[in-house]
Amino acid sequence: MDYYCSKCDKDIEKKVYDYSKKEFGKILCRDCQQNSEPQEKKGLNNKESRYREGMIKGRIAETLIEELFLSLGYNVFRYGMENTVPGIMNLLKGVRSDVADNIRRMPDFVVQHPERKDVYFVEVKFRANETFSKKDLPKTYPFENAYFIVVSKKHIKCITYQELMDGKEVTPKTQNYLGKRKEFDLDKETIIDFCNFAVKFFESV
């Protein structure tokens, strides 16, 4: 069997073919390999790729919750500093201080009830395993009146900071569904619709 470079059509030996296929993901002669990066160096490394993937899942979960509250007439304001001051999170990389930590921990949204006009801090978390507990919070989390909405592949649940401090948690077996929160007074059928959206987005996670 003849082997040749996919870039310059030069004939190559089988050992060059095998090496190139393994290292570069395509067939290149030795000369063309000099101008190409090995396959593992292209794109994101595994750690960065997982970080990016987690960020994307989190953003999808945030959008689901934002649209859920908007569809029920709530006023929704993006509160996190990354929304109000674009680029600040990059500036804070590697910075260790109480102020920097508090900025990173700012809740995602402020939501306002359409009738009572009550306002709430809302932090959205995506959890594929549907779990969230006190140990998932920073030791000095500053927003003690925040509500944590946990989006999973099947359910949307909610727990407060104080409930977490009291030892309560979100697990696949707990019944702390968002639709049961009397503070928000949300339509359960609408929540079910958005749960179905979550299933579509996260079914392969």
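In case it helps, the working numbering puts the sequence shown at residues 356 to 560. Just so it is clear, CB atoms sit at the ideal spot from N, CA and C, and this is done for glycine as well.
According to DSSP, residue pairing for Y359 in a beta bridge involves D366. In this chain, the beta strand (DSSP E) harbouring Q467 covers F464 to Q467. Per DSSP, C550 has no beta bridge partner at all. Proximity of the stretch 418-436 to the stretch 512-523 falls short of the contact definition, fewer than three beta-carbon pairs being nearer than 8 Å. For the 7 Å CB-CB criterion, K480 and F557 do not form a contact. By the 16-neighbour rule on beta-carbons within 10 angstroms, Q530 is exposed. Residue pairing for Y502: DSSP places it in a beta bridge opposite V477 and T515. Between L541 and L427, the gap from beta carbon to beta carbon is short of 7 Å. Taking the CA atoms as reference points, M520 sits about 11 Å from K494. S375 sits buried, since 16 or more C-beta atoms from the chains shown fall within 10 Å of its C-beta. The alpha-carbon separation between T545 and L533 amounts to approximately 11 Å.
The beta carbon of A416 sits closer than 6 Å to the beta carbons of V479, F481 and V506 from its chain, once the five residues preceding and following it are set aside; these are given in chain order.
Residue environment: V554 is assigned as exposed (fewer than 16 neighbouring CB atoms within 10 Å of its CB, all protein chains considered).
Counting only residues of its own chain and dropping the five nearest sequence neighbours on each side, Y475 has a CB closer than 6 Å to the CB of V466 and Y502.
A Cβ-Cβ contact shorter than 7 Å links I382 with S361.
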